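Trainee:
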Amino acid sequence: MKNEARGAILMNSENNSLSVGGYLFYTERDAQVAWEEERKIEYLETHIDYSSPESIRYVYEHTIRERLFKTPVGLRYLQKLRDFLLAQPGTDPESIMDIPLYIVFDRELRGNTNPARERVAPSKKDRDKEKTRFTLSVILNVLLVGAIIAMFFISYVSEQPNVINYERALTSRYASWEQELTEREQVIREKERELKISQD
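Printed below as a string of structure tokens:
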């Protein structure tokens, strides 16, 4: 089916025309979308029951909600369904959904919908300001990394136990306690010896 669409559009583009359903499209892609919508319309027409206005209403509202038709070809078909529903006796025109258009027609509005950044190149002053900010950011990051390294070095060299040097600090503390205990034991033994000698 895609190849058929391409063939129909290419055949038209050979005649310098991207015409589908009586509409001349600007791009091949738009013409292909319109051609696909034309195929959808043909399918719906073979399966739709015009004797049941409720089924027509369902198809109409469903195609609007799902945005199945975007080109004038599909929108014309939606208008046909809308006119059919409005022609039914007892139909309230307010109860029938309007056909939404998802395009901007005013050139000024279309230009405003594009972000300004795409339309206007930044000035030299803005580029210089941006470059200065980037340089300042790099310098601050280097200083912060230096401060972090200095904090780790101070923590490592410090006598107070911390996450980095806790093993060394605890080993040193226990070693000094052990030495102090052995010295006290020696003093106590010497006192015991003196007392034993003096009691004998």
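Counting from 1 along the sequence shown, just add 55 to a position and that's the residue number in our numbering. Backbone N, C-alpha and C define an ideal beta-carbon position, used for all residues, glycine too. In this text the structure is predicted, and so the values were computed from the model without any measurement.
So, is Glu249 buried or exposed, given that buried needs 16 or more other C-beta atoms within 10 angstroms?
Mentor: Counting from one through the sequence shown, the residue named residue 249 turns up at place 194. Glu249 should be labelled exposed.
Trainee: Which residue or residues does DSSP assign as beta-bridge partners of Val193?
Mentor: Numbered from its first residue, the sequence shown carries residue 193 at position 138. The partner list for Val193 (beta bridge, DSSP) is empty, contrary to what the question assumes.
Trainee: Along the chain, where does the alpha helix (DSSP H) containing Phe124 start, and where does it finish?
Mentor: Residue 124 sits at position 69 when you count from the first residue of the sequence shown. Premise fails: Phe124 is in no alpha helix (DSSP H) and is neither H nor E.
Trainee: Please identify the residue among Asp147, Tyr211, Glu92 and Arg244 whose C-alpha is closest to the C-alpha of Gly129.
Mentor: In the sequence shown, residue 129 corresponds to position 74, counting from 1. The option with the nearest alpha carbon to Gly129 is Glu92.
Trainee: Looking at the secondary structure, which residues open and close the alpha helix (DSSP H) in which Thr101 lies?
Mentor: If you number the sequence shown from 1, residue 101 lands on position 46. Residues Glu83 to His102.
Trainee: Give me the Cα-Cα distance between Val193 and Lys186, rounded to the nearest whole angstrom.
Mentor: As a working mapping, residue 193 is identified with position 138 in the sequence shown. As a working mapping, residue 186 is identified with position 131 in the sequence shown. Cα to Cα, the separation comes out at about 11 angstroms.
Trainee: Which residues in the same chain as Ile96 place their Cβ atom closer than 6 angstroms to its Cβ, once the five residues preceding and following it in sequence are excluded?
Mentor: Working through the sequence shown from its first residue, we reach residue 96 at position 41. Excluding residues within five positions, the ones whose Cβ falls inside 6 angstroms are Tyr132.
Trainee: Quick one, are the C-beta atoms of Ala86 and Leu73 less than 9 angstroms apart?
Mentor: One-based indexing of the sequence shown puts residue 86 at position 31. One-based indexing of the sequence shown puts residue 73 at position 18. Yes, the pair counts as a contact, with Cβ atoms nearer than the cut-off.
Trainee: Applying the 10 Å Cβ sphere with the 16-neighbour rule, what's the burial state of Trp232?
Mentor: Here residue 232 corresponds to residue number 177 of the sequence shown, with the count starting at 1. With fewer than 16 other Cβ atoms within 10 Å, it is exposed.
Trainee: Since Tyr115 and Leu141 should fall inside the 8 angstroms C-beta cutoff, what is the C-beta to C-beta distance between them, to a whole number of angstroms?
Mentor: As a first step, residue 115 is located in the sequence shown; it is residue number 60 there, counting from the start. As a first step, residue 141 is located in the sequence shown; it is residue number 86 there, counting from the start. Tyr115 to Leu141, Cβ: 11 angstroms. No contact.
Trainee: Please classify Ala89 as buried or exposed, where buried requires at least 16 other C-beta atoms within 10 Å of its C-beta.
Mentor: For the purposes of this step, residue 89 is taken as the residue at position 34 of the sequence shown. Its Cβ being crowded by 16 or more others within 10 Å, Ala89 is buried.
Trainee: Can you have a look at Arg112 and say buried or exposed, based on whether 16 or more other CB atoms are within 10 angstroms of its CB?
Mentor: Locating residue 112 in the sequence shown gives position 57, counting from the first residue. Buried, by the Cβ-count rule.
Trainee: Under the DSSP definition of a beta bridge, which residues are partnered with Val75?
Mentor: As a first step, residue 75 is located in the sequence shown; it is residue number 20 there, counting from the start. According to DSSP, which records beta bridges pairwise, Val75 is partnered with Tyr78.
Trainee: Please determine whether the Cβ atom of Ile111 lies at a distance below 8 angstroms from any heavy atom of the ligand PLP.
Mentor: Among the components modelled here there is no ligand, and therefore nothing to report on the ligand PLP.
Trainee: Indicate the three-state DSSP secondary structure (helix, strand or coil) for Leu156 in the structure shown.
Mentor: As a working note, residue 156 is residue 101 in the sequence shown. Of the three classes helix, strand and coil, the one that applies to Leu156 here is coil, per DSSP.
Trainee: Considering only the beta carbon of each residue, do Thr146 and Tyr78 sit closer than 9 angstroms?
Mentor: If you number the sequence shown from 1, residue 146 lands on position 91. If you number the sequence shown from 1, residue 78 lands on position 23. Going by C-beta atoms, Thr146 is not nearer than 9 angstroms to Tyr78.
Trainee: How big is the Cα-Cα spacing for Ser106 and Pro144?
Mentor: The residue you call residue 106 lines up with position 51 of the sequence shown. The residue you call residue 144 lines up with position 89 of the sequence shown. So the alpha carbons of these two residues sit roughly 13 angstroms apart.
Trainee: Report the rounded CA-to-CA distance for Leu123 versus Pro148, giving the unit in angstroms.
Mentor: In the sequence shown, counting from the first residue as 1, residue 123 sits at position 68. In the sequence shown, counting from the first residue as 1, residue 148 sits at position 93. Looking at the two C-alpha atoms, the distance is approximately 22 angstroms.
Trainee: Just how far apart, CA to CA, sit Thr190 and Val197?
Mentor: In the sequence shown, residue 190 corresponds to position 135, counting from 1. In the sequence shown, residue 197 corresponds to position 142, counting from 1. About 11 angstroms.
Trainee: Got a sec? Which residues, its chain only, sit under 8 angstroms from Ala171 by beta carbon, not counting five neighbours each side?
Mentor: Here residue 171 refers to the residue found at position 116 of the sequence shown. Confidence at Ala171 is low in this model, with a pLDDT of 49, below 50, so its placement is unreliable and the value that follows should be read with caution. Counting only Cβ-Cβ distances below 8 angstroms, and skipping sequence neighbours, we find nothing.
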